[in-house]
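Under the numbering used here, the first residue of the sequence shown carries the number 5, and numbering increases by one thereafter.
No residue lacks a Cβ here, since even glycine has one placed at the ideal position from N, Cα and C.
Since we're looking at a predicted model, the values are computed, not measured.
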Amino acid sequence: MIFFHLAASEADKSLIPSMDSQDQLPVVQAGLDRGKELFKKRQSDPEVLSKFDDLILDNSKSGWNRVGAFDPKERSHALDVFGYAMQWILPTFSFHQVAHTSDMKVLEVGAKTLNKAMAGFCSHDDRLKAIGYLPLKLGPVKAMEIMQEGLDQGCYSFMIDTNEPNDQNKSFTHPDFDPIWKKFTEVGSPFVVHVAVNGHYKAVPDSFKNNGKTELELGGDAPAGELGIMTINSSAELFLSAMIFDGVFERHPQLKGISMEHGAFWLPSWLKALDYTASLFKRKREFTELPSEVAKKHIKVSPFAGEPLGWIIENVGPNMLVYASDYPHPEGTSDPIGKFEATMTNCDQETMDAFYHGNMEELMGIKI
Numbered sequence: 005m006i007f008f009h010l011a012a013s014e015a016d017k018s019l020i021p022s023m024d025s026q027d028q029l030p031v032v033q034a035g036l037d038r039g040k041e042l043f044k045k046r047q048s049d050p051e052v053l054s055k056f057d058d059l060i061l062d063n064s065k066s067g068w069n070r071v072g073a074f075d076p077k078e079r080s081h082a083l084d085v086f087g088y089a090m091q092w093i094l095p096t097f098s099f100h101q102v103a104h105t106s107d108m109k110v111l112e113v114g115a116k117t118l119n120k121a122m123a124g125f126c127s128h129d130d131r132l133k134a135i136g137y138l139p140l141k142l143g144p145v146k147a148m149e150i151m152q153e154g155l156d157q158g159c160y161s162f163m164i165d166t167n168e169p170n171d172q173n174k175s176f177t178h179p180d181f182d183p184i185w186k187k188f189t190e191v192g193s194p195f196v197v198h199v200a201v202n203g204h205y206k207a208v209p210d211s212f213k214n215n216g217k218t219e220l221e222l223g224g225d226a227p228a229g230e231l232g233i234m235t236i237n238s239s240a241e242l243f244l245s246a247m248i249f250d251g252v253f254e255r256h257p258q259l260k261g262i263s264m265e266h267g268a269f270w271l272p273s274w275l276k277a278l279d280y281t282a283s284l285f286k287r288k289r290e291f292t293e294l295p296s297e298v299a300k301k302h303i304k305v306s307p308f309a310g311e312p313l314g315w316i317i318e319n320v321g322p323n324m325l326v327y328a329s330d331y332p333h334p335e336g337t338s339d340p341i342g343k344f345e346a347t348m349t350n351c352d353q354e355t356m357d358a359f360y361h362g363n364m365e366e367l368m369g370i371k372i
């Protein structure tokens with residue numbers, strides 16, 4: 005958030021909404037202030053930093069308190085402590101600060117500034133991969149301008165909305181957006197769909213909240229209530245299905261994408277539903293490849309710690325799931341590896357290696 009303000013030009017600062025203007029993910033000022041206080045202590049006292057390193061998996065406190073939560077060099081230190089070879093860095097509060105405006109000029113300026121800030125946060129360390137935001141609802145021409153500028157500044161890839169909120173506008177799978185998908189293949193980066201970036205898609209009508217009960221909150225980016233969690237995958241499933249059935253992957257064979265924080269419990273039934281749907285339309289159109297095979301070839305999914313990974317892998321194969329710590333967010337839990345492996349007892353070493361690094365290497369076209 006600090007980098008976000010520093011990245012804004014003087015001409016653009018007046019266009020960027022204040023953090024207080026968004027209520028999708030409010031900042032608790034006391035938590036932020038405490039995080040800054042603890043950061044200063046870690047910087048001035050090696051013993052304090054050492055204690056925080058020892059408790060780096062403790063997610064019982066505010067995320068602002070954790071090592072590397074908002075300082076770039078300290079994030080590099082966090083990677084050293086974890087032993088991670090690489091981490092994708094996504095915006096949280098600063099995304100919500102700009103993404104919900106109805107003013108398209110504000111959205112454009114906000115996205116450009118956010119991407120510049122993300123690139124700046126990661127610029128000192130090649131292990132940190134900056135993930136910016138690409139508001140496709142601005143149209144393919146303006147989106148390409150934002151994308152190219154973000155790439156030039158150092159962004160590795162971009163989150164994209166899973167939904168065009170205006171029913172009169174063209175779908176992001178329309179051929180007019182092909183230059184965007186082509187650009188992803190040219191730079192060798194997968195597109196990113198994330199639970200927070202859904203174009204204001206509403207899976208659960210508000211009437212379900214009129215049930216005489218108090219709605220339960222898990223916090224963070226997680227949708228509210230049990231029905232929210234049950235449908236957490238809906239926007240991603242719909243968007244990725246459209247990408248397959250509308251032929252985007254067929255037109256761009258090298259295009260890849262990843263679904264983040266939508267869970268993975270839905271994957272087995274989704275793959276079956278894709279093929280069943282295709283079978284119903286077999287007299288209407290020809291599918292050169294089973295839609296499920298297209299999904300397996302082009303899409304990776306990061307599950308939540310605690311999901312039944314062994315069962316999911318048994319049903320979809322070993323090549324779709326990728327490990328994600330979600331650090332420093334609480335969704336990663338205090339023991340992500342332990343929670344993952346508790347449900348992977350029947351997975352062989354090759355499957356484990358694919359989950360922890362091989363599938364991500366394949367997605368990114370790299371070898372660590």
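Scanning its chain for C-beta atoms nearer than 6 Å, with the 5 sequence neighbours on each side dropped, one finds around residue 294 the residues 279, in chain order. As the crow flies, the alpha-carbon of residue 16 is around 8 Å from that of residue 114. Close CB contacts of residue 19 within its chain, under the 6 Å cut and outside five residues either way in sequence, are with 110, 113 (chain order). Listed in chain order, the beta strand (DSSP E) elements of length 3 or more contained wholly in the region 75 to 148 are 91 to 93, 132 to 138. Going by C-alpha positions, residue 257 is about 30 Å away from residue 118. With contact defined as three or more Cβ pairs closer than 8 Å, the region 178 to 185 and the region 254 to 270 are in contact.
Contact check for residue 136 and residue 148: beta-carbon distance about 14 Å, past the 8 Å limit, so the pair fails to qualify. Nearest C-alpha to residue 261 among 341, 186, 351: 186. When the beta-carbon positions are compared, residue 138 and residue 191 stay at least 8 Å from each other. Rounded to the nearest whole angstrom, the C-alpha separation of residue 300 and residue 214 is 39 Å.
Collapsing the DSSP output to three states places residue 325 in a strand. The C-beta distance from residue 169 to residue 204 rounds to 5 Å, short enough to meet the 8 Å contact threshold. Three or more pairs of CB atoms, one per stretch, sit closer than 8 Å, so the region 323 to 340 contacts the region 265 to 279. Under the three-pair Cβ rule at 8 Å, the region 50 to 59 does not count as touching the region 19 to 35. Cα atoms of residue 116 and residue 132: separation of roughly 19 Å, rounded to the nearest angstrom. Residue pairing for residue 198: DSSP places it in a beta bridge opposite 264. The C-alpha of residue 331 lies about 9 Å from the C-alpha of residue 82. When Cβ pairs closer than 8 Å are counted between the two stretches, the region 303 to 321 is seen to touch the region 341 to 357, the count reaching three or more.
Taking residue 167 as reference, the option from 10, 206, 84, 283 with the minimal CA-CA separation is 206. For residue 274, same chain residues with a beta-carbon under 7 Å away, outside a window of 5 residues either side, are 241 in chain order. For residue 368, the number of other beta carbons within 10 angstroms of its own is at least 16, and it is reported as buried. For residue 176, there is no enclosing alpha helix (DSSP H), as DSSP marks it with neither H nor E. Residue environment analysis places residue 227 among the buried positions, since at least 16 neighbouring C-beta atoms fall within 10 angstroms of its C-beta. Counting along the chain, residue 43 sits inside the alpha helix (DSSP H) bounded by residues 33 to 48.
Straight-line measurement puts the Cα of residue 352 at about 36 Å from the Cα of residue 76. Cβ atoms of residue 134 and residue 93 come within 8 Å of each other, at about 6 Å.
Where residue 252 is concerned, there is no enclosing beta strand (DSSP E), although the alpha helix (DSSP H) around it starts and stops at 252 to 255.
For residue 277, the closest alpha carbon among the candidates 102, 248, 305 is that of 248. 164 is the residue among 158, 160, 164 whose C-alpha sits nearest the C-alpha of residue 143. Taking 8 Å as the cut-off, the Cβ atoms of residue 208 and residue 231 count as close. With a cutoff of 8 Å on beta-carbon distance, residue 161 and residue 196 are scored as near each other. Counting every other CB atom within 10 Å of its CB across the protein chains shown gives residue 305 a total of 16 or more, marking it as buried.
Secondary structure at residue 52: helix, using DSSP grouped into helix, strand and coil. Residue 173 and residue 356 have their C-alpha atoms roughly 43 Å apart. For the 8 Å CB-CB criterion, residue 263 and residue 233 do not form a contact.
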